[in-house]
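Worksheet for the structure shown next.
2 protein chains.
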Amino acid sequence: MAERFPVPTMPAPPVAVVGLGQLGGSLAAALVAAGRPVRGWDVDPAARDAAAARGVQISQELSGVVVLAVPLPVMATALDGLAVAGDATVTDLGSVKRPVLDTVGTALGGRFVGGHPMCGTERSGHTAADPGLFAGARWALCLEPGTDLSRWLRVAEIALAVGAEVVPVTAAEHDDAVAAISHVPHLLAAALAAAAGQAGPLALSLAAGSFRDGTRVIGSDPAFVRAMVEGNAAPTSAALARVQEQLARPWAELVGDGHAVVTREQGRRSVRVPLERAALLSLGRSGGAVTRRLAAFVEGYVPDPA
Amino acid sequence: MAERFPVPTMPAPPVAVVGLGQLGGSLAAALVAAGRPVRGWDVDPAARDAAAARGVQISQELSGVVVLAVPLPVMATALDGLAVAGDATVTDLGSVKRPVLDTVGTALGGRFVGGHPMCGTERSGHTAADPGLFAGARWALCLEPGTDLSRWLRVAEIALAVGAEVVPVTAAEHDDAVAAISHVPHLLAAALAAAAGQAGPLALSLAAGSFRDGTRVIGSDPAFVRAMVEGNAAPTSAALARVQEQLARPWAELVGDGHAVVTREQGRRSVRVPLERAALLSLGRSGGAVTRRLAAFVEGYVPDPA
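Note that the protein sequences, when read in sequence, are chains A and B.
Here the first sequence is numbered in numbering that gives the first Met the number 0, starting from 0 and rising by one per residue.
Here the second sequence is numbered in numbering that gives the first Met the number 0, starting from 0 and rising by one per residue.
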């Protein structure tokens, strides 16, 4: 007979979102859509109005779980001038985690839980908000040695509530991983586009699917891209060097190996993982994620060869 | 008062497509949809059956404009065993033009017109055929010093009939251009995927939009990709070196320049170009294309700052 665990019945904490652009506006809208009260704030009145129209209560008094959904360069000052409850848990959605941990994390101590939902697009601003943005996305959530596990679970619950799957990571692991799968792709896209621009109008006029796909991401706001790659410079340089090693290999081998990675069939095997830092991080390192929280466990999956 | 030119009234020549996979099957289906009789042949009975079901007359006796829509490694032998009319114009859809000119072009002389529609996807085979594949696509068509202009116009007419825009190029110009905008993107995608595969399961589990877009094209059949990059090795090496020079620049500059290329607004200005090799090639070099054939001119456009 299968063991049964009760679903936790503690009330979900209130959520407040600071920054109501694409990611913050989408999160606030998704939580409203899930029937949860959400407060929000943005320095831009147009972003506040758009969020208010979606049912977000505009306020500068924030409590519960406070989500920093602002660009990296202003992350450290995002709470300036706002009234934040002394026991609030603070998380962020920034694309680099070590620098945020060094600034916001140092200031807030155990109350800070760094996070990064893997679902932005090349669009930005409140007009790009979409309550379905997080459905099925992975959401990296940092479990540092000093992270308060109960606060980590509160933030994880919000990610799960909007349809994401939570990947437990350290900030260092996160930054190395996203250098390989996000920050280097932005630089490759920029280099591909810039080189084609130099090749001239005939080349650009013949550009089709492979060029469009290979360069799409550099359509993103260049200020955001610069903050991201420069904020994660050492892992990005290392990951770029690994791509350049690949480019030096014989093309036949390179093409075969690259094809194998993108076409690999990957199954999933359900697992239960105790609410314990090492076990959760091990789940993340294996390529797994948390899909549900139970009383003393989380449910999730690990990859399984199909 | 605007000059008026009569639309040519000569009958469109019959078309025969050899190879009924994604590109050939799409072209045959598009021509059938345009009300034109089309013959076709493929060594694979399943591809023949699929084309026959779309209204293509399956035959080994080919005349008019014969389109070689087979993979590069078998291009030179694609007509072996088939009965081709002695005055047929032969064109191809291969992604590299100098090697095809050196083999098929040398064998057929002035009867050969090299071509390359810029619209493949990462899919292949007859199940990926789509009669709408060419709508709005650029179709590079080679005008070498020895090309018979009337045969070139016959092939151009077929490209225009399925909704493509014809870019006059030399084989050498084509191969340099596609190295920059297609062959290098395939290698970058392979290197990005292979490096992320080495980075491990956490990195792959966090992969999202920028990784998917940046690697999509290496989902293509690796044998096709190898034939393409190895068949255009010198221009591809040179274009890859130019991308690597870009990657060595300060990231802030690189990101800004790449962003500017992909977000550049580009208008179009209508032009008429006389049916003359130098003028047509000049149109292609400027980033323009032919959109319609008149009696003594073609109509087309050149890029215009928006």
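For glycine and all other residues, C-beta sits at the position ideal for the given N, C-alpha and C.
Residue ranges of uninterrupted alpha helix (DSSP H) with 4 or more members, entirely inside the segment 208 to 234 of chain B and ordered along the chain, are 208 to 214, 221 to 229. Think of a sphere of 7 Å around the beta carbon of W250 (chain B): the chain A residues whose beta carbon falls inside it are L186, R225, V228, E229, in chain order. One alpha carbon belongs to A202 (chain B), the other to A179 (chain A), and they sit about 7 Å apart.
Around the CB of R268 (chain B), fewer than 16 other CB atoms lie within 10 Å, so the residue is classed as exposed.
For P130 (chain A), the number of other beta carbons within 10 angstroms of its own is at least 16, and it is reported as buried.
Membership of H115 (chain A) in the beta strand (DSSP E) is indicated by the continuous run 114 to 116.
In the three-state reduction of the DSSP assignment, E143 (chain B) falls in the coil class. Leaving aside the five residues that flank S149 (chain B) on each side, none in its chain has a CB nearer than 8 Å to its CB. Distance from the CA atom of A84 (chain B) to the CA atom of G109 (chain B), rounded to whole angstroms, is 15 Å. Boundaries of the beta strand (DSSP E) around R38 (chain A): 37 to 40. Rounded to the nearest angstrom, the Cβ distance from R241 (chain B) to A194 (chain A) is 4 Å, consistent with a contact under 8 Å. Of all residues in the segment 262 to 296 of chain B, those with a C-beta nearer than 9 Å to a C-beta of chain A are T262, R263, Q265, G283, R284, S285, G286, G287, A288, reading in chain order. When DSSP states are grouped into helix, strand and coil, A176 (chain A) belongs to the helix group. When secondary structure is reduced to three states using DSSP, S281 (chain B) falls in the helix class. In the DSSP secondary-structure assignment, E60 (chain A) is bridged to A:A82. Of the residues assessed, Q21 (chain A) falls on the buried side of the cut-off, its CB having 16 or more other CB atoms within 10 angstroms. Q197 (chain B) is not bridged by DSSP to any residue.
The beta carbon of I57 (chain A) is closer than 8 Å to those of R38, G39, W40, R47, A50, A51 in its chain, skipping five residues each way along the sequence.
In the structure shown, R248 (chain A) adopts coil according to DSSP, grouped into three states.
Inter-residue distance for S204 (chain B) and G286 (chain A) is about 5 Å (C-alpha atoms, whole angstroms). Distances from the CA of D91 (chain B) to each of B:G283, B:P249, B:A77 were compared; the closest alpha carbon is that of B:A77. By the CB criterion at 8 Å, V297 (chain B) and L280 (chain B) fall outside the cutoff. Contact with chain B is found for S181 (chain A), since one of that chain's Cβ atoms lies less than 8 Å from the residue's Cβ. Using a CB distance cut-off of 8 Å, S204 (chain A) counts as an interface residue toward chain B.
Under the criterion of beta carbons closer than 8 Å, A226 (chain B) and P70 (chain B) qualify as touching, at roughly 6 Å. Contact between the segment 133 to 140 of chain A and the segment 208 to 216 of chain A is absent: fewer than 3 CB-CB pairs across the two stretches fall below 8 Å. Scanning chain B for C-beta atoms nearer than 9 Å to the C-beta of C118 (chain A) yields A207, G208, reported in chain order. Contact between the segment 173 to 190 of chain B and the segment 151 to 160 of chain B is not established, with fewer than three Cβ pairs separated by less than 8 Å.
Counting only the Cα atoms, E143 (chain A) lies some 15 Å from R153 (chain A). Distance from the CA atom of T146 (chain B) to the CA atom of V168 (chain B), rounded to whole angstroms, is 11 Å.
As DSSP reads the structure, R267 (chain A) sits in a beta bridge with A:P302. Excluding five sequence positions before and after P12 (chain B), the CB atoms of its chain that fall closer than 7 Å to its own CB belong to G63, V64, R153, given in chain order. Spanning the alpha carbons of G199 (chain B) and G299 (chain A) requires a straight line of approximately 19 Å. For P221 (chain A), the closest Cβ of chain B is nearer than 8 Å. For T214 (chain A), the number of other beta carbons within 10 angstroms of its own is at least 16, and it is reported as buried. Looking at the DSSP output, F111 (chain B) shares a beta bridge with B:V89.
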